[in-house]
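Novice: Sequential numbering of the sequence shown, starting at 1, is according to UniProt numbering. For every residue, glycine included, the Cβ atom is placed at its ideal position computed from N, Cα and C. Since we're looking at a predicted model, the values are computed, not measured.
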Amino acid sequence: MIIRGARFTQRTIQWIVASTLVAATAAANSEIVYQQLESGIAVNAEYLDSDSQGPPVLLLHGFLQTRDFFTVRRVGDALHEAGYRVLLPNLSLGINDRRQSLDCEAVHNHSIEQDTNEIAKWVEWLYNRTDKPIIVIGHSAGSLNLVAFLDTFRSTPVAKSILISLVAFGQGPIAKENPEEKRRAETDLEKNGDEIHRYRLAYCDHYSTTAGFYLSYLAWDQQRTLQAISAIRPEPTIIFGGSDNRLGPDWKPQLQARNASIIEIDGANHFFDHTHEFDLLDSIEQSLGKL
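1. Among F149, E195 and Q223, which residue has its Cα nearest to the Cα of I212?
2. Helix, strand or coil: which one does DSSP assign to H270?
3. If I measure Cβ to Cβ from E31 and keep anything under 8 Å in the same chain, skipping five residues before and after, which residues do I get?
4. Count the other CB atoms, across all protein chains shown, that sit within 10 Å of the CB of H110; report buried if there are 16 or more and exposed otherwise.
5. What are the boundary residues of the alpha helix (DSSP H) that includes H61?
6. Looking at the structure shown, is D279 part of a helix, part of a strand, or coil, going by DSSP?
7. So, at 8 Å on beta carbons, what are the nonlocal neighbours of A185 in its own chain, with the 5 sequence-adjacent residues on each side left out?
8. Nearest by alpha-carbon distance to S57: which of P249, K132 and P236 is it?
9. Measure the alpha-carbon distance for R129 versus T116 and round it to whole angstroms.
10. Look at the alpha carbon of T253 and the alpha carbon of I164, and state the distance between them as a whole number of angstroms.
11. Hey, would you say A159 sits closer than 8 Å to P55, going by beta carbons?
12. Taking DSSP as the reference, what is the three-state secondary structure of N117?
13. Roughly how many angstroms separate the alpha carbons of T209 and Y203, rounded to a whole number?
14. In its own chain, which residues sit with a C-beta less than 7 Å from the C-beta of T225, not counting the 5 before and 5 after it?
15. What would DSSP say about D205, mapped onto helix, strand or coil?
16. To the nearest angstrom, how far is the alpha carbon of A23 from that of W125?
17. For I134 and I238, I'd like the C-alpha separation in whole angstroms.
Below, the structure is given as structure tokens:
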């Protein structure tokens, strides 16, 4: 399905009106909640409560970001204004009570397996809080994190997954990682798995981490991601911007051949900014309306 241009439908106008009221409403119904990992690290999430009896939503940020990244924040606030209960975790990325985005050049003491386990912990928290099956929504690498979670934890109370601007590592024109970097990391792992090295990952030219942590992310390349997508039940909805220049030319066709419902918003970029924000919100609500 391709959505052409910015469509100022009645529902879009409602989203615009709602967005002018959402800040005060969200603040009145917002709380920061915490959990502790086995490592002792505290993790935090923002919970936007509602009287709605509908399915709760877990919304996940992208690579090295937080819940306050503008695409994620706008979607979360708009869904809450529409009556959904929304949980917005910050992945710890190995940092106690992390509240800020992480620089590429920082030392990265985290793996995709750790990310996956944190997501599972928050899904369990939200299910116990609401006693309802969960909708999971991710943006960019956050969508890939959710794919890894759904592939690892097959029996979870997830009713629906919506993957916005889904990427895989090693895919697309801005991806810095390459086969040579992977071979170097494999050699580094054999020599000394605890040593910190500089690698290239996602949009980062200098990503400092151990070889094992680095390779955990590289493992989620196009092939593994496509295999996992095929196994997700119920089928995920994947929303792309038609002008997303972070995607390789073969990525969308490969996903269309898998077990997924594809929505493409004409003219939108990777972040769905400007007027395309409301097309994104319309597409999410359309997908949720099928539950």
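Specialist: The short version:
1. In the sequence shown, counting from the first residue as 1, residue 212 sits at position 212. Going by the sequence as given, residue 212 is Gly instead of Ile. Taking only the C-alpha atoms, the option nearest G212 is E195.
2. For the purposes of this step, residue 270 is taken as the residue at position 270 of the sequence shown. In the structure shown, H270 sits in coil (DSSP, three-state: anything other than H, G, I, E or B).
3. Looking up residue 31 in the sequence shown gives position 31. Taken in chain order, the residues that qualify are E46, Y47 and D49.
4. Residue mapping note: residue 110 aligns to position 110 of the sequence shown, counting from 1. H110 is buried by the Cβ-count criterion.
5. As a position in the sequence shown, residue 61 is number 61, starting the count at 1. First-last for H61: undefined, no H or E at that position.
6. Along the sequence shown, read from residue 1 onward, the residue named residue 279 stands at position 279. Three-state result, D279: helix.
7. Indexing the sequence shown from 1 puts residue 185 at position 185. Around A185: H197, Y199, A211, Y214, L215 and L218.
8. One-based indexing of the sequence shown puts residue 57 at position 57. Rather than Ser, the amino acid found at residue 57 in this sequence is Val. Answer by Cα proximity: K132.
9. Reading the sequence shown from its first residue, position 129 is the one you call residue 129. Reading the sequence shown from its first residue, position 116 is the one you call residue 116. Each residue's alpha carbon lies about 20 Å from the other.
10. Working through the sequence shown from its first residue, we reach residue 253 at position 253. Working through the sequence shown from its first residue, we reach residue 164 at position 164. A quick correction: the sequence has Pro, not Thr, at residue 253. Whole-angstrom Cα-Cα distance: 16 Å.
11. The count along the sequence shown starts at 1 and reaches residue 159 at position 159. The count along the sequence shown starts at 1 and reaches residue 55 at position 55. It is a contact, given that the beta carbons lie within the stated cut-off.
12. Translated into positions along the sequence shown, residue 117 becomes position 117. It is helical.
13. Your numbering for residue 209 matches position 209 in the sequence shown. Your numbering for residue 203 matches position 203 in the sequence shown. Taking the CA atoms as reference points, T209 sits about 15 Å from Y203.
14. Position 225 of the sequence shown holds residue 225. Answer for T225: L144, V147 and A168, listed in chain order.
15. On the sequence shown, position 205 is the one that residue 205 refers to. DSSP places D205 in strand when its eight states are reduced to three.
16. Residue numbering aside, residue 23 sits at position 23 when the sequence shown is read from its first letter. Residue numbering aside, residue 125 sits at position 125 when the sequence shown is read from its first letter. Confidence at A23 is low in this model, with a pLDDT of 47, below 50, so its placement is unreliable and the value that follows should be read with caution. Distance between the alpha carbons of A23 and W125: 25 Å.
17. One-based indexing of the sequence shown puts residue 134 at position 134. One-based indexing of the sequence shown puts residue 238 at position 238. The straight-line gap from Cα to Cα measures roughly 17 Å.
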